[in-house]
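A.B. asks: The sequence shown maps to residues -24 to -1, 1 to 129 in mature numbering (1 follows the signal peptide of the UniProt record, and there is no 0).
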Amino acid sequence: MERQITCTGLVLVVSLLAAGCAGAGKDNTPVLDFQQAQAVWQAHGIDSYEVTVWQTCFCPPDLLQPMRVTVREGTVIDVEGLEQPINHPDILDPRRLTIDGLLGVIDKARHSAETLVAEYDQRYGFPVRLEVDGSPFIADDEFSYRLSDFQPF
């Protein structure tokens, strides 16, 4: 009998916890897909911000470091290497350093890339992780981005 009470009590606790999680609210619903993320990003109307960007690509080592990117009115105005100076700024694609630009990359890759992995910030909808491989038969066409430390202004 004691064992049944313990199990019944456990079932009750688990049920209450599950109900509490289910009622957490729509604001905690994770952003799962591109269209939802893009809508969240656009709804915020942010065009000036700073963000740390790590890119992985077939490019010089100075571009494979965390970079602090400052965007004002949708345009990159500054890129600073956080580990060493950036010696090849002319190789950087400023469109891929803005959130709107990366959302454009994702939109294009959704229709053409062999592999696309994207995760989105739950509050603002921008991509926090992006991995793209255009074709498994082409060497060095893969690239990835990770974004963190987002600060709108």
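Quick reminder that beta carbons are idealized off the backbone N, C-alpha and C, glycines included.
(1) Helix, strand or coil: how does DSSP classify proline 62 here?
(2) Based on Cα-Cα distance, which residue from Ile82, Thr51, Thr32 and Gln127 lies nearest to proline 103?
(3) Rounding to the nearest angstrom, what Cα-Cα distance links alanine 94 and serine 88 in this structure?
(4) Of the choices Leu8, Asp9 and Val29, whose alpha-carbon is the least far from that of tyrosine 54?
(5) Could you check the C-alpha separation between threonine 74 and isoleucine 22 for me, to the nearest Å?
(6) Going along the chain, which residues of its own chain have a beta-carbon closer than 6 Å to the beta-carbon of leucine 123, five neighbours each way excluded?
C.D. replies: In this structure, then:
(1) Translated into positions along the sequence shown, residue 62 becomes position 86. The question names proline, yet the displayed sequence has isoleucine at residue 62. DSSP, read as helix, strand or coil, puts isoleucine 62 in coil.
(2) Within the sequence shown, the letter at position 127 stands for residue 103. The residue with the shortest Cα to Cα distance from proline 103 is Ile82.
(3) In the sequence shown, counting from the first residue as 1, residue 94 sits at position 118. In the sequence shown, counting from the first residue as 1, residue 88 sits at position 112. Their backbone Cα atoms lie some 15 Å apart in a straight line.
(4) Translated into positions along the sequence shown, residue 54 becomes position 78. Residue identity check: residue 54 is aspartate in the sequence provided, not tyrosine. When each option's Cα is compared against that of aspartate 54, the closest is Val29.
(5) Here residue 74 is taken as the residue at index 98 of the sequence shown, counted from 1. Here residue 22 is taken as the residue at index 46 of the sequence shown, counted from 1. The alpha-carbon of threonine 74 is positioned some 11 Å away from that of isoleucine 22.
(6) The sequence position of residue 123 within the sequence shown is 147, counting from 1. The answer, listed in chain order, is Val27, Val29 and Val104.
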